[in-house]
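Numbers -24 to -1, 1 to 481, taken from mature numbering (1 follows the signal peptide of the UniProt record, and there is no 0), label the letters of the sequence shown in order. Positions of the beta carbon are idealized from the N, C-alpha and C atoms, including for glycine. Quick caveat, the model's predicted, so the values are computed rather than measured. Scroll down for the structure; my scribbles are underneath it.
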Amino acid sequence: MNLNKFLTLGVLLSLTLASLLNCSKDSEILATFDGGTVTRKEMNFVIEASKRGNTEPQPISADIQAKILESIALEKILLKDAISSKKVAEADVQKIESLVNQFLKLNVYMREYVKNGLKEKPLEFVNLQLALVRGEDEAANLKKAEELATKLNSLSNKEIAEEISKVTEDITRRPIAGKLEPFCTNCAETPLEDILTEVKKAKKGTFISYAKAGEGRIAYVVRSTGSEKVHPERLKKYFTSIFDDFKKEATEYGKTHDDADTKASVAYFTDGESADKANQFASHTMKEYEQGLYQKELKKITEESGITVANLPRFSGPTDIDPKVFTPDYALYSTRDGKNYSWKDLTIEFEAIPNILKQDYKDEKSKTWDMLNLFQSTILQGKIAETSDRVQDVGSEISYLMQMDKMKVSLALKSLQDEIKAIPVTVTETQMRDAYEAGKLYAYADPDPKNPQNRIPKPYSAVRERIKSEMEGAQRNSFIEQKVSGLKTTYNLVIAADRLKEVTL
């Protein structure tokens, strides 16, 4: 089905939304066409969204602004023209809006929530020091870990460092006495979550012993040496100082230990610049922080909604689906008041999707697969969004309105795509031969391994289909150029170039 691609197109705009300018000129009209306009606010949104998380100010020339304005206007014109020419039904536009409007609101709200969280909320770190006890006997491991924890709690910090470096089974951490990189406690969940939960129960600086259920071959002796809150702009400096300390400690350790394993472990902490490692670690941590903000807020909204989702069977693809499982009364989720959303309800919503976005299903398995994907990726999120007042508040924001426009325009784009595919294109053998002769020393050649300055032509038979595809594509591109030019003329598109000058956004 084309629906997944269609939904993806709309969501792309919202992957990382930067803040918009709140200036009095937002409503200034910069492009006009018969039946519509494009404002500065719309143009600024597209510019900011295209930065994809790059917060550094960037100069935007007047020429680039003009192209952006033309692109926005042409999308609006394309939809308007498709509706007036009956290629797209207004009823289908309304169906799309009804299908995705709540899903888009949640999408916009979550991205804005994460964006604001990155500005306002610091990352919270805890510093852990850890020794590993490893062996086949689980009971013996835990007993040994308990004994080690008791011993470490009786030593000074210098003695603790020496003891952990001597006894821990994690040889990679011996040069820095079992210390770990700062662990982010308000980022996305990680495998250390359960260990951290146990550490929080103990007094700061006190070692505890711990073994994961079912993983008794490894026992942990761990403590917290402190915590810190760090704002994103300080993150690189924070990690640089951590890695500088690790480098000094590992260097000292390497002076008295020269076996091969130690040399390799020391090199991990001493090779390279601390700032380079910090940049990489900060980037990775920020991604986890974004994920954590997103996951926790979505979980909160879901819990507040009172919606309980059914445990759906897991399928790797349409081939292993049994459509008979999903009877009309099959419950997909239930609400707080006990009402069920059933397979019958999903079927009704699925059937309402415009036919232009559906494919001709050869079997029931493929259709069922698409229905499940639609439910999980779009409909369920929309149902959750309906219950949240704070999500509903984004309905008047430019980010929501422009994404909704993108969704609607996708109907016209699909119609145009079908129109382009239907264009009769003819490429003769003579034309392909001529193109091959013209490009056989360049586009259709490989470098000479003996002399890279020379080119060795590929056989015509090896590139014939490529040439045919390129020439057919050129003909279709010519049609698109004519179509765009015609739309601009027919709808009297005018860009207010005199109002544009280079800006930094």
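Cut-off 7 Å between Cβ atoms - residues of its own chain near residue i, not counting five sequence neighbours on either side
i      : result
Leu128 : Ile136, Glu139, Phe183 and Val197
Asp57  : Leu463
Ile171 : Tyr186, Tyr196 and Val198
Ile297 : Phe291, Lys341, Thr344 and Trp345
Thr311 : Gly282 and Ile283
Phe159 : Phe101, Val102, Leu104, Leu168 and Leu172
Phe326 : Met347 and Leu350
Cut-off 6 Å between Cβ atoms - residues of its own chain near residue i, not counting five sequence neighbours on either side
i       : result
Thr201  : Asn103 and Gln105
Gln242  : The amino acid at residue 242 is misidentified as Gln; the sequence shows Val. Contacts found: Pro151, Ala226 and Gly230.
Ala178  : Ile184
Tyr467  : Phe9, Asp10 and Ile53
Ala(-7) : Because Ala(-7) sits at a pLDDT of 31, beneath the cut-off of 50, its placement in the model cannot be relied upon, and the point is left open.
Phe215  : Ala254, Phe257 and Ala258
Lys205  : Pro98 and Glu100
Glu51   : Val385
Val285  : Tyr309
CB contact below 8 Å: residue i versus chain B
i      : result
Glu395 : Among the chains of the structure shown, chain B does not appear; only one protein chain is present.
Burial state of residue i, where buried means 16 or more other Cβ atoms lie within 10 Å
i           : result
Glu96       : exposed
Ile324      : exposed
Leu417      : exposed
Asn427      : exposed
Glu199      : Going by the sequence as given, residue 199 is Arg instead of Glu. Classification for Arg199: buried.
Asp346      : buried
Lys239      : exposed
Asn(-3)     : Note that Asn(-3) scores 41 on pLDDT, short of 50, meaning its location in the model is unreliable; the coordinates nonetheless yield the value given after this. Answer is exposed; the Cβ neighbour count stays below 16.
Thr126      : exposed
Arg149      : buried
Lys1        : exposed
Arg16       : buried
Ser141      : buried
Gln379      : buried
Ile432      : exposed
Ala414      : exposed
Val439      : buried
residue 567 : What the structure shows of the chain is the stretch from -24 to 481, and residue 567 is not part of that stretch, so it cannot be assessed.
Asn117      : buried
Lys275      : exposed
Gly449      : exposed
Anticipated Cβ contact below 8 Å, residue i with residue j, distance rounded
i      : j      : result
Ile48  : Met19  : 7 Å
Tyr306 : Ser292 : Contact doesn't hold; Cβ gap of about 20 Å is too wide.
Thr144 : Ala121 : With a Cβ gap of about 11 Å, Thr144 and Ala121 do not count as contacting.
Val281 : Ser364 : The residue you asked about is not Val; residue 281 is Ser in the sequence shown. Confirmed, Cβ separation roughly 7 Å.
Gln267 : Leu82  : The Cβ separation is near 17 Å, so there is no contact.
Leu333 : Leu322 : Contact flag wrong, Cβ pair sits at about 16 Å.
Ala411 : Met447 : 6 Å
Arg452 : Val401 : 6 Å
Close-in-space but distant-in-sequence residues of the same chain around residue i (CB under 8 Å, 5 per side omitted)
i      : result
Ala65  : Ile59 and Pro330
Thr354 : Leu(-18), Leu75, Val76 and Phe79
Ala38  : Ala473, Leu476, Lys477 and Glu478
Val470 : Ala7, Thr8 and Phe9
Ile36  : Ile23, Glu478, Val479, Thr480 and Leu481
Leu181 : The sequence given here places Gly at residue 181; Leu does not occur at that position. Around Gly181: Arg199, Ser200 and Thr201.
C-beta atoms of residue i and residue j nearer than 8 Å
i      : j      : result
Val175 : Glu373 : no
Thr480 : Gln41  : no
Ile396 : Ile456 : yes
Leu99  : Pro208 : yes
Lys320 : Pro304 : yes
Leu45  : Leu6   : yes
Cys163 : Thr261 : yes
Ser342 : Pro294 : yes
Lys434 : Asp424 : no
Phe245 : Lys263 : no
Val385 : Lys444 : no
Val370 : Glu24  : no
Leu387 : Val69  : yes
Lys63  : Ser391 : yes
Met408 : Tyr270 : no
Kindly provide the ranges of any alpha helix (DSSP H) runs that are 4 or more residues long and lie completely inside the stretch 339 to 391, ordered along the chain.
340 to 350, 356 to 362 and 365 to 368
What are the uninterrupted segments assigned as alpha helix (DSSP H) that are 4 or more residues long and contained completely in the stretch 16 to 49, given in chain order?
16 to 26
Could you give the uninterrupted runs of the beta strand (DSSP E) lying entirely in the stretch 293 to 325, keeping only those of 3 residues or more?
307 to 310 and 316 to 318
If you scan the stretch 140 to 228 from start to end, which runs of the alpha helix (DSSP H) of 4 or more residues do you find wholly inside it?
169 to 177
Completely contained alpha helix (DSSP H) runs for the stretch 102 to 145, where each covers 4 or more residues:
114 to 128 and 133 to 143
For the stretch 41 to 96, list the alpha helix (DSSP H) runs that are entirely contained and at least 4 residues long, ordered along the chain.
66 to 96
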